[in-house]
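Quick note: the sequence shown uses my numbering, first residue 59, plus one each step. Even for Gly, the Cβ is constructed at its ideal location relative to N, Cα and C.
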Amino acid sequence: MSENRVVEGRMVTARKLAEIVEGDSVMEVDSIEEADQECPACGGSVLTVTYMPSVTELVTGRKCQDCDWSETDRN
Ligand SMILES: [Zn+2]
Numbered sequence: 059m060s061e062n063r064v065v066e067g068r069m070v071t072a073r074k075l076a077e078i079v080e081g082d083s084v085m086e087v088d089s090i091e092e093a094d095q096e097c098p099a100c101g102g103s104v105l106t107v108t109y110m111p112s113v114t115e116l117v118t119g120r121k122c123q124d125c126d127w128s129e130t131d132r133n
């Protein structure tokens, strides 16, 4: 997957975005898309990224494109 997005002023790959959300390296990125929500911290645009941190886990994460807010569906 080679879809690049601007996050916090930097161009990042889908994998890099997943790694920012995870705070660690990830095994595979499944999809990246614009989320149908605004950032609760700054009102900015939010991206949804679905990724596999390991073979047995599929995580959906959300990351603001404008500030450092992020969350995962683990919470
Ligand atoms: Zn934000």
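Who are the Cβ neighbours of E66 in its own chain at under 6 Å, not counting the five residues just before and after it?
-> Position 8 of the sequence shown, counted from the start, is the residue given in the question as residue 66. If we look at E66 and ignore the five residues flanking it on each side, it has no Cβ neighbours.
Taking buried to mean at least 16 other C-beta atoms within 10 Å of its own C-beta, is P98 buried or exposed?
-> On the sequence shown, position 40 is the one that residue 98 refers to. Answer is exposed; the Cβ neighbour count stays below 16.
Pull up the CB-CB distance for L75 and L116, whole angstroms please, since I reckon it's below 8 Å.
-> As a first step, residue 75 must be located in the sequence shown, where it is residue number 17. As a first step, residue 116 must be located in the sequence shown, where it is residue number 58. Rounded, the Cβ-Cβ distance is 16 Å, inconsistent with contact.
How many angstroms separate the CA atom of N62 from the CA atom of R73?
-> As a first step, residue 62 must be located in the sequence shown, where it is residue number 4. As a first step, residue 73 must be located in the sequence shown, where it is residue number 15. One C-alpha to the other measures close to 9 Å.
Whose CB is closer than 6 Å to a heavy atom of ligand 1? List the residues in chain order.
-> C97, A99, C100, G102, C122, D124, C125 and W127
Measure the beta-carbon distance from K121 to V79 and round it to whole angstroms, keeping in mind my assumption that it falls under 8 Å.
-> For this step, residue 121 is matched to residue 63 along the sequence shown. For this step, residue 79 is matched to residue 21 along the sequence shown. Confirmed, Cβ separation roughly 5 Å.
For E91 versus M110, is the C-beta spacing smaller than 7 Å?
-> Against the sequence shown, residue 91 aligns to sequence position 33. Against the sequence shown, residue 110 aligns to sequence position 52. Not in contact: E91 and M110 (Cβ atoms no closer than 7 Å).
Which of helix, strand or coil does DSSP assign to A76?
-> Locating residue 76 in the sequence shown gives position 18, counting from the first residue. Three-state DSSP puts A76 in a helix.
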